[in-house]
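Trainee: Here it is: the structure, laid out below.
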Amino acid sequence: MLEGSAIQRIALIGYRVTGKSTVGPLVARRLGWRFVDMDQVLMERFGDSISGYVALHGWEAFRDAESDLLRELSESAHLVVATGGGVVERETNCRVLSASWLVVWLDCQLSVILNRLRLDSKTAAQRPSLSGLDVVEETARILERRRPLYRHTAHLTLDSSRFEPEHMAEAIVARLRNPSGPVDF
Numbered sequence: 004m005l006e007g008s009a010i011q012r013i014a015l016i017g018y019r020v021t022g023k024s025t026v027g028p029l030v031a032r033r034l035g036w037r038f039v040d041m042d043q044v045l046m047e048r049f050g051d052s053i054s055g056y057v058a059l060h061g062w063e064a065f066r067d068a069e070s071d072l073l074r075e076l077s078e079s080a081h082l083v084v085a086t087g088g089g090v091v092e093r094e095t096n097c098r099v100l101s102a103s104w105l106v107v108w109l110d111c112q113l114s115v116i117l118n119r120l121r122l123d124s125k126t127a128a129q130r131p132s133l134s135g136l137d138v139v140e141e142t143a144r145i146l147e148r149r150r151p152l153y154r155h156t157a158h159l160t161l162d163s164s165r166f167e168p169e170h171m172a173e174a175i176v177a178r179l180r181n182p183s184g185p186v187d188f
């Protein structure tokens, strides 16, 4: 990870509904930086929902577009980004993130994720099935596969099932200002 003042970008990684799009703007506001939600940018570029785009073009094309956007955003400074949950599925994305971003993994308990998915009105359009399995089995399987990827890529891990968005934003800003120091809540 880059040290202190060299950090110009923060990436929030984690599974769906772990709070990336909620915490990101809070962090950006505290720092006076710009916030970007990668899924929102991609939907604007596609002129379609993620579900619609994936149905027409497939997951591989979506991941290509996601990787292209990540590289593009890596050229910007003073930026907080909510990545898509699957950005870590590509090793090249993990390398890009680890090299020049402060990467924060918003982890979350499976039961909390499932409850949030059930309550989230955006789930159908923005969060298409990745496997065709029922939501419980799919989520458990994907988390099992991705958790090591999130862990390996992240510089800081916060449990979004235990902490409020405001507290997580404070912890992220504290880490940015003191990269080697403890993060206290």
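Residue numbers (the numbering used here): 4 to 188. Positions of the beta carbon are idealized from the N, C-alpha and C atoms, including for glycine.
#1: Contact check, valine 20 vs isoleucine 116 under 8 angstroms by CB: the rounded distance?
#2: Given a cut-off of 8 angstroms, decide if alanine 177 and leucine 100 are closer than it, judged by their beta-carbon atoms.
#3: So what does alanine 172 bridge to, in DSSP terms?
#4: Can you round the beta-carbon distance between glutamate 92 and arginine 66 to whole angstroms, since I take them to be within the 8 angstroms contact cut?
#5: Which residues does DSSP list as the beta-bridge partners of alanine 80?
#6: Which same chain residues end up closer than 7 angstroms to leucine 76 when comparing Cβ atoms and leaving out the 5 residues on each side of it in sequence?
#7: To the nearest angstrom, how far is the alpha carbon of alanine 31 from that of phenylalanine 49?
#8: Starting from phenylalanine 38, trace the beta strand (DSSP E) both ways and give me its first and last residue.
#9: Run the CB neighbour count on glutamate 69, radius 10 Å, all protein chains shown included, and call it buried at 16 or more, exposed below.
Mentor: A quick look at the data gives this:
#1: 6 angstroms
#2: no
#3: Beta-bridge pairing links alanine 172 to no other residue.
#4: For glutamate 92 against arginine 66, the beta-carbon gap comes to about 6 angstroms, under 8 angstroms, which counts as contact.
#5: Its beta-bridge partners do not exist; DSSP assigns none.
#6: Val39, Leu82 and Val84
#7: Those two C-alpha atoms are separated by around 25 angstroms.
#8: 37–40
#9: buried
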